[in-house]
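Colleague: Protein chains in written order, with this note's numbering: chain A, 1 to 357; chain B, 358 to 735; chain C, 736 to 977.
Beta carbons: idealized from backbone N, C-alpha and C, even for Gly.
Just so you know, these numbers come straight off a predicted model, no measurement behind them.
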Amino acid sequence: MILHPAALALMLIALLVSGMGIYAGYYGMRILRYWNPACGSEQQLELERRTYLISTIMSYILSFELISLFLFIYTADDLHTLFTGAMCAAGTLAVNSFGYPTLLIKIINFLLAGIWLILNYTDNRGYDYPLIRVKYILLTLIVPLLVLESGLLCAYFAELKPDIITSCCGSLFSHESGGFSGDLASLPYRQTRIVFFICMAITVCSGLVFYVALTNRIRALTGLFSAQKVQQKFSDILKCGGGYLFSIAAAVTFLVACASVVSFICLYFYELPTHHCPFCILQKEYHYVGYLLYATIFGGAVAGIGAGVLQPFRKTGSLVRIIPDIQRRLVLITLVCYLLFTLITVWKMIFSALKLA
Amino acid sequence: MNQALERHLNILDFTLASLLRRRAKNLSLLAIYLLVVFMLASLAFFVTALKKEATIILSGAPDMIVQRLMAGRQDLVPADYAVEIAKIRGVTAVRPRLWGYYYDALNGANYTIMASEDPAVVPGSATIGAGVAKARNLAVGDLLPLISYDKSPVMLEINSIYPHGADLAAADLIVISPDDFHQLFNFPGGQATDLAVTVRNPKEMSTVAAKIAGTFPDSRPILKSEIQRTYQSIFDWRGGMTLILLTSALISFIIFAWDKATGLSADERKEIGILKSIGWETSDVLLLKFWEGLVISLTAFLLGVVLAYGHVFLLSAPLFAQALKGWSVIYPRFQLVPVVDAYQLSVLFFLTVVPYTTATIIPCWRAATIDPDAAMRY
Amino acid sequence: MIELSGITKSFNSGKPNQFTAVDNVTLTVHPHQITIFKGPSGSGKTSLLTMIGCMARPTSGRIFLRGVAAARPFQQEGLEVVEITSLPERFLNEIRRSTFGFIFQQFNLVKGITVLENVMLPAYPTGEARALFRARALSLLEQFSISRLAGQRVELLSGGELQRVAIARSLINNPSIVIADEPTAHLDSKLSQEFMAIAGRLKGEGKSVLIASHDPIVYDSPLIDSLVEMRDGAIVDIRSCR
Numbered sequence: 001m002i003l004h005p006a007a008l009a010l011m012l013i014a015l016l017v018s019g020m021g022i023y024a025g026y027y028g029m030r031i032l033r034y035w036n037p038a039c040g041s042e043q044q045l046e047l048e049r050r051t052y053l054i055s056t057i058m059s060y061i062l063s064f065e066l067i068s069l070f071l072f073i074y075t076a077d078d079l080h081t082l083f084t085g086a087m088c089a090a091g092t093l094a095v096n097s098f099g100y101p102t103l104l105i106k107i108i109n110f111l112l113a114g115i116w117l118i119l120n121y122t123d124n125r126g127y128d129y130p131l132i133r134v135k136y137i138l139l140t141l142i143v144p145l146l147v148l149e150s151g152l153l154c155a156y157f158a159e160l161k162p163d164i165i166t167s168c169c170g171s172l173f174s175h176e177s178g179g180f181s182g183d184l185a186s187l188p189y190r191q192t193r194i195v196f197f198i199c200m201a202i203t204v205c206s207g208l209v210f211y212v213a214l215t216n217r218i219r220a221l222t223g224l225f226s227a228q229k230v231q232q233k234f235s236d237i238l239k240c241g242g243g244y245l246f247s248i249a250a251a252v253t254f255l256v257a258c259a260s261v262v263s264f265i266c267l268y269f270y271e272l273p274t275h276h277c278p279f280c281i282l283q284k285e286y287h288y289v290g291y292l293l294y295a296t297i298f299g300g301a302v303a304g305i306g307a308g309v310l311q312p313f314r315k316t317g318s319l320v321r322i323i324p325d326i327q328r329r330l331v332l333i334t335l336v337c338y339l340l341f342t343l344i345t346v347w348k349m350i351f352s353a354l355k356l357a
Numbered sequence: 358m359n360q361a362l363e364r365h366l367n368i369l370d371f372t373l374a375s376l377l378r379r380r381a382k383n384l385s386l387l388a389i390y391l392l393v394v395f396m397l398a399s400l401a402f403f404v405t406a407l408k409k410e411a412t413i414i415l416s417g418a419p420d421m422i423v424q425r426l427m428a429g430r431q432d433l434v435p436a437d438y439a440v441e442i443a444k445i446r447g448v449t450a451v452r453p454r455l456w457g458y459y460y461d462a463l464n465g466a467n468y469t470i471m472a473s474e475d476p477a478v479v480p481g482s483a484t485i486g487a488g489v490a491k492a493r494n495l496a497v498g499d500l501l502p503l504i505s506y507d508k509s510p511v512m513l514e515i516n517s518i519y520p521h522g523a524d525l526a527a528a529d530l531i532v533i534s535p536d537d538f539h540q541l542f543n544f545p546g547g548q549a550t551d552l553a554v555t556v557r558n559p560k561e562m563s564t565v566a567a568k569i570a571g572t573f574p575d576s577r578p579i580l581k582s583e584i585q586r587t588y589q590s591i592f593d594w595r596g597g598m599t600l601i602l603l604t605s606a607l608i609s610f611i612i613f614a615w616d617k618a619t620g621l622s623a624d625e626r627k628e629i630g631i632l633k634s635i636g637w638e639t640s641d642v643l644l645l646k647f648w649e650g651l652v653i654s655l656t657a658f659l660l661g662v663v664l665a666y667g668h669v670f671l672l673s674a675p676l677f678a679q680a681l682k683g684w685s686v687i688y689p690r691f692q693l694v695p696v697v698d699a700y701q702l703s704v705l706f707f708l709t710v711v712p713y714t715t716a717t718i719i720p721c722w723r724a725a726t727i728d729p730d731a732a733m734r735y
Numbered sequence: 736m737i738e739l740s741g742i743t744k745s746f747n748s749g750k751p752n753q754f755t756a757v758d759n760v761t762l763t764v765h766p767h768q769i770t771i772f773k774g775p776s777g778s779g780k781t782s783l784l785t786m787i788g789c790m791a792r793p794t795s796g797r798i799f800l801r802g803v804a805a806a807r808p809f810q811q812e813g814l815e816v817v818e819i820t821s822l823p824e825r826f827l828n829e830i831r832r833s834t835f836g837f838i839f840q841q842f843n844l845v846k847g848i849t850v851l852e853n854v855m856l857p858a859y860p861t862g863e864a865r866a867l868f869r870a871r872a873l874s875l876l877e878q879f880s881i882s883r884l885a886g887q888r889v890e891l892l893s894g895g896e897l898q899r900v901a902i903a904r905s906l907i908n909n910p911s912i913v914i915a916d917e918p919t920a921h922l923d924s925k926l927s928q929e930f931m932a933i934a935g936r937l938k939g940e941g942k943s944v945l946i947a948s949h950d951p952i953v954y955d956s957p958l959i960d961s962l963v964e965m966r967d968g969a970i971v972d973i974r975s976c977r
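#1: At 4 residues or longer, what runs of the alpha helix (DSSP H) sit wholly inside the region 118-166 of chain A?
#2: Chain A partners of residue 708 of chain B, CB-CB under 8 angstroms?
#3: Which chain B residues sit within Cβ distance under 7 angstroms of residue 56 of chain A?
#4: So that I know if they touch, is there some Cβ in chain B lying closer than 8 angstroms to that of residue 78 of chain A?
#5: Taking 8 angstroms as the CB-CB limit, is residue 823 of chain C close to chain A?
#6: Going by C-alpha distance, which of C:949, C:831, C:883 is nearest residue 840 of chain C?
#7: From C:757, C:759, C:902, C:923, pick the residue whose C-alpha is nearest to that of residue 1024 of chain C; which is it?
#8: Run through the DSSP bridge pairs and tell me what residue 888 of chain C is partnered with.
#9: Quick one: is residue 866 of chain C buried, meaning 16 or more other Cβ sit within 10 Å of its Cβ, or exposed?
#10: Taking C-beta pairs closer than 7 angstroms, name the residues in chain A that residue 989 of chain C reaches, listed in chain order.
#11: What three-state label does DSSP hand residue 778 of chain C in the structure shown?
#12: Could you check whether residue 68 of chain A and residue 10 of chain A sit closer than 8 angstroms to each other, using their CB atoms as the reference points?
#13: Mind checking residue 576 of chain B: buried by the 16 CB within 10 Å criterion, or exposed?
#14: Which whole runs of the alpha helix (DSSP H) in the region 435-471 of chain B are 4 residues long or more, in chain order?
#15: I think residue 759 of chain C touches residue 785 of chain C, with their Cβ atoms under 8 angstroms apart; what is that distance to the nearest whole Å?
#16: Please determine if the region 540-559 of chain B and the region 373-386 of chain B are in contact, where contact requires at least 3 C-beta pairs separated by less than 8 angstroms.
#17: Counting only the same chain and skipping the five closest in sequence on each side, list residues whose C-beta sits under 6 angstroms from that of residue 806 of chain C.
#18: For residue 630 of chain B and residue 908 of chain C, which I take to be in contact (beta-carbon distance under 8 angstroms), what is that distance rounded to the nearest angstrom?
#19: When Cβ atoms are compared, which residues of the region 780-795 of chain C fall closer than 7 angstroms to chain B?
#20: Excluding sequence positions up to five away, which residues of its chain have a Cβ less than 7 angstroms from the Cβ of residue 860 of chain C?
#21: Taking only beta-carbon positions, decide if residue 640 of chain B is within less than 8 angstroms of chain A.
#22: Out of C:896, C:878, C:775, C:836, point me to the one whose CA is closest to residue 788 of chain C's CA.
#23: Run through chain B and tell me which residues come within less than 9 angstroms of residue 71 of chain A, C-beta to C-beta.
#24: Of the residues that make up the region 826-845 of chain C, which ones have a beta carbon closer than 7 angstroms to any beta carbon in chain B?
#25: Confirm, please, whether the CB-CB distance from residue 703 of chain B to residue 71 of chain A is below 8 angstroms.
#26: Tell me whether residue 817 of chain C sits in a helix, a strand or coil according to DSSP, three-state version.
#27: Can you tell which of B:423, B:464, B:389 has its C-alpha closest to the C-alpha of residue 566 of chain B?
#28: Locate the alpha helix (DSSP H) running through residue 370 of chain B, then write down its first and last residues.
#29: Using 8 angstroms as the limit for Cβ to Cβ distance, is residue 612 of chain B near chain E?
#30: Based on Cα-Cα distance, which residue from A:99, A:53, A:49 lies nearest to residue 159 of chain A?
#31: What separation, rounded to the nearest whole angstrom, lies between the Cα atoms of residue 671 of chain B and residue 402 of chain B?
#32: When the Cα of residue 156 of chain A is compared with those of A:92, A:277, A:248, which residue comes out closest?
#33: Could you have a look at residue 476 of chain B and say whether DSSP puts it in helix, strand or coil?
#34: I think residue 243 of chain A touches residue 311 of chain A, with their Cβ atoms under 8 angstroms apart; what is that distance to the nearest whole Å?
#35: Compare the C-alpha of residue 249 of chain A against each of A:90, A:303, A:272 and name the closest.
#36: Between the region 646-658 of chain B and chain C, which residues of the former have a C-beta closer than 7 angstroms to a C-beta of the latter?
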């Protein structure tokens, strides 16, 4: 057990988040069970009111998840002095077997909460509650993950014993060490680099194609009046239009980009051919550039995956007009974020003192 | 986009107006909020400043110290240990150190007395820390009388006073010549309090330490990194303990916030009813409440942090000093070096604003879902 | 045109204290007219108006708005008829905000803020630029000759002034239908007459005015077009006064 103020703060947040999650999940289940918009009964009115509460709670959960994700990494970083052998967050997280799973599930929860809010935003724009079921089914899936996260987090801090000798980024993210992190580091940087740029290129191209398709669709829709007419006459413009391709590309690129950070991008920042740590770039010595890198890649991934999640509902009732508009904005966010990420990477590859052959 | 911004601005405008209208209620909430932030921020600043201070002290400390143990207690180290250790490969220098504590009956304080090989410290003179100078009201050129082991006085002339800065280390320090040291404490010759060992390559530190322990089974090598770690965890632990003590305050604050948010006055209830009846939607009222909470939180947070800064770095934390420093009965007053970083502030933010916000979500929502036709039924 | 078909509103349904405020009402309200809902208190006229005004939803039955300029999503689809009973609250609200203006029995002005701010209040969440609706509010105050009160707090106003502020507020979002619930209950005869004159003026501007009242000055006024008489939640008589 470690009594660091930040650890206490993180545990407090985790408990609050999972508490709120359980509360929201309970009412989410009630909504799934008793929802009937055609009926004006008091129960239905009560449930409709609950939807406001649940959206509010989820937006708070998302923002708490986001800040606590960075706080968690930063705290792990701050605590490294307590562990022999730990030089940064990588070492602190490896002190016990709960560190990396906590980080992983925090990332997953952040992505899921972001997607939920995109669904919620879309649903609120439609006048016939088009996504209510999807939304609350997703919610009931997120809640156990939130609880799992706080369990792992508390276990992690409870099991932290300051006299443990741990291995740190040097040994953890190096070619010799086994395990997942070692595998990431031992990815041949030349090939990874190629894969990274190919993925980025595919995402950006499919994003542009999709963006143009969406713009055309919106233009075609504004001329038409009723939703039925839209569906009769323009069933062709409602075709996929590369939405799924773009979304999958964005998701794959997210994973590839994360692997690339470990495999080669960070090398350029550290200007050391063997230092593969994904956390040190968050430190002051590197001008906190890690925050920008991670913010862009996470932001882009949430928006990109969100655009794909909306794709199956583009023909649903009142959403015919709403979804293309939202998707277009999401695509734009993804493109801007990913391009910024690529730009920083390329800039550093050119100006870094380290040259990888 | 512009429309959304206008909506926020309009509602924020109304929020500020209504906060001012209900001054009495909001001020009491703000006062308690402020107090909680102030306490926690003072604590955080203080602990961080102490850690920083400790780091400064240790930065000048030797890489490794070798002590000798006798019957489980620290004992003097014979000088020939130093010669043997210097022969170990990788060791660049071994310096025997002479130091000890001196109890000053005059004001009940403990001073650290250290012997220095520095030629500036000639026998009969001393360099003292600012804390000692203050406690004994001394200036350069004054005489400092110390009582030796046999109660005979030793008069030392102050040749200089350590400036403020790394105050925690130097405040209680008196540096004298080795001759005076031997005389003052009747310290046996050919012995040292401990040995300071310098090692060329930091990576060999633990190997060297193992070799020393092997050569002299009664010796105890202590690495600087180990001391550093101990300091860190002691301060964190103390900070954490105090935090847990403050948890009760935090919890009562949350209950208070909940109560404030739930206990809408009839007036407020009516006002929200009116807003809803004239076309404000639930999410508009939620936004109103969100801004309200944010304004109160930020005001309390910023004011609390600024006050805590003053408390810790200008007034030297009178509320915590005794509990947290805790290594001297009356420690000479010293000024902490201001250290504030974004990390600390975000931890503070998490400990105060997040619980407050969470406590108010449901009451706010309840207030926001008052029936719009309620206003018609009065 | 507003069409109501089989509107029922009950409270505490399923519990022993169940109470039906409006019972199976079918009715058509014509545009550009003054329609009076007459009846003793508890006859369900206020409940009926809250449902027409998108403030509350009926327990059963349907309400259609026909040819009424309604909220954005519906305009976009170019729908002539909007069925409002199954809409989510935020859409009902958007329709309410853009289509209806409300005048309440107690005026329901917010204390502690100025007359001008009170009049602007319904426009705050619409996202319209402040300068625009501020100008509109000032011109409304001008129209009701209370410009001089703009900077005053509402606590200090007389009954007649309060009423005008309340009317000005109901018109800030430029509604096509104005709903008034017992507007003359707290006014003397002179002010009640004045209120009816203003109602007539609104009708002249092309607005529909719906008034619930049991005040003879209101329901005997020569300005009204139709009279709906209610008792125990049901309509007992519908009369055209033209």
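Modeller: In terms of the structure at hand:
#1: Listed in chain order, the complete alpha helix (DSSP H) runs (minimum 4 residues) inside the region 118-166 of chain A are 132-158.
#2: Taking a Cβ-Cβ threshold of 8 angstroms, the residues of chain A close to residue 708 of chain B are 5, 8, 9, 12, in chain order.
#3: Those within 7 angstroms of residue 56 of chain A in chain B are 643, 718, 722.
#4: Closer than 8 angstroms: yes.
#5: It does; some Cβ of chain A falls within 8 angstroms.
#6: That would be C:949, whose Cα lies nearest to the Cα of residue 840 of chain C.
#7: Chain C is shown only over 736 to 977; residue 1024 of chain C falls outside these bounds and no answer can be derived.
#8: Residue pairing by DSSP places residue 888 of chain C opposite C:849 in a beta bridge.
#9: Classification for residue 866 of chain C: exposed.
#10: The first residue shown for chain C is 736 and the last is 977, placing residue 989 of chain C beyond what the model contains.
#11: Coil, per DSSP.
#12: In this structure, the beta-carbon distance from residue 10 of chain A to residue 68 of chain A falls below 8 angstroms.
#13: Flag for residue 576 of chain B reads buried.
#14: Entirely contained in the region 435-471 of chain B, the alpha helix (DSSP H) runs reaching 4 residues are, in chain order, 436-443.
#15: Between residue 785 of chain C and residue 759 of chain C the Cβ distance is about 17 angstroms, and since that is not below 8 angstroms, they are no contact.
#16: In short, these stretches do not touch, since the Cβ pair count stays below three.
#17: Any reading at residue 806 of chain C must be qualified, since the residue scores a pLDDT of 49, below 50, and its modelled position is unreliable; the value itself is stated next. Cβ within range, chain order: 829, 830, 833.
#18: Rounded to whole angstroms, the Cβ separation of residue 630 of chain B and residue 908 of chain C is 19 angstroms, and the two are not in contact under 8 angstroms.
#19: Taking 7 angstroms as the Cβ-Cβ cut-off against chain B, the residues of the region 780-795 of chain C that qualify are 781, 785, 790, 791.
#20: Around residue 860 of chain C: no qualifying Cβ.
#21: At a cut-off of 8 angstroms between C-beta atoms, residue 640 of chain B counts as an interface residue with respect to chain A.
#22: Taking each of C:896, C:878, C:775, C:836 in turn and checking the Cα distance to residue 788 of chain C, the smallest one comes out for C:836.
#23: For residue 71 of chain A, the C-beta contacts it makes with chain B under 9 angstroms involve 700, 703, 704, 707, in order along the chain.
#24: Residues passing the 7 angstroms Cβ filter: 828, 831, 832, 837, 839, 841, 843, 845.
#25: In this structure, residue 71 of chain A places its C-beta atom within 8 angstroms of the C-beta atom of residue 703 of chain B.
#26: In the structure shown, residue 817 of chain C sits in a strand (DSSP, three-state: E or B).
#27: It is B:423 whose Cα lies nearest to the Cα of residue 566 of chain B.
#28: Unbroken alpha helix (DSSP H) run through residue 370 of chain B: 359-378.
#29: Absent from the structure is chain E; the protein chains it does hold are A, B and C.
#30: Closest option to residue 159 of chain A, judged by alpha-carbon separation, among A:99, A:53, A:49: A:99.
#31: Taking the CA atoms as reference points, residue 671 of chain B sits about 12 angstroms from residue 402 of chain B.
#32: Checked all of A:92, A:277, A:248; the closest Cα to residue 156 of chain A is A:92.
#33: Taken through DSSP and simplified to helix, strand or coil, residue 476 of chain B comes out as coil.
#34: Contact holds; Cβ gap of about 4 angstroms.
#35: Nearest of A:90, A:303, A:272 to residue 249 of chain A, Cα basis: A:303.
#36: If the cut-off is 7 angstroms between Cβ atoms, the region 646-658 of chain B has nothing near chain C.
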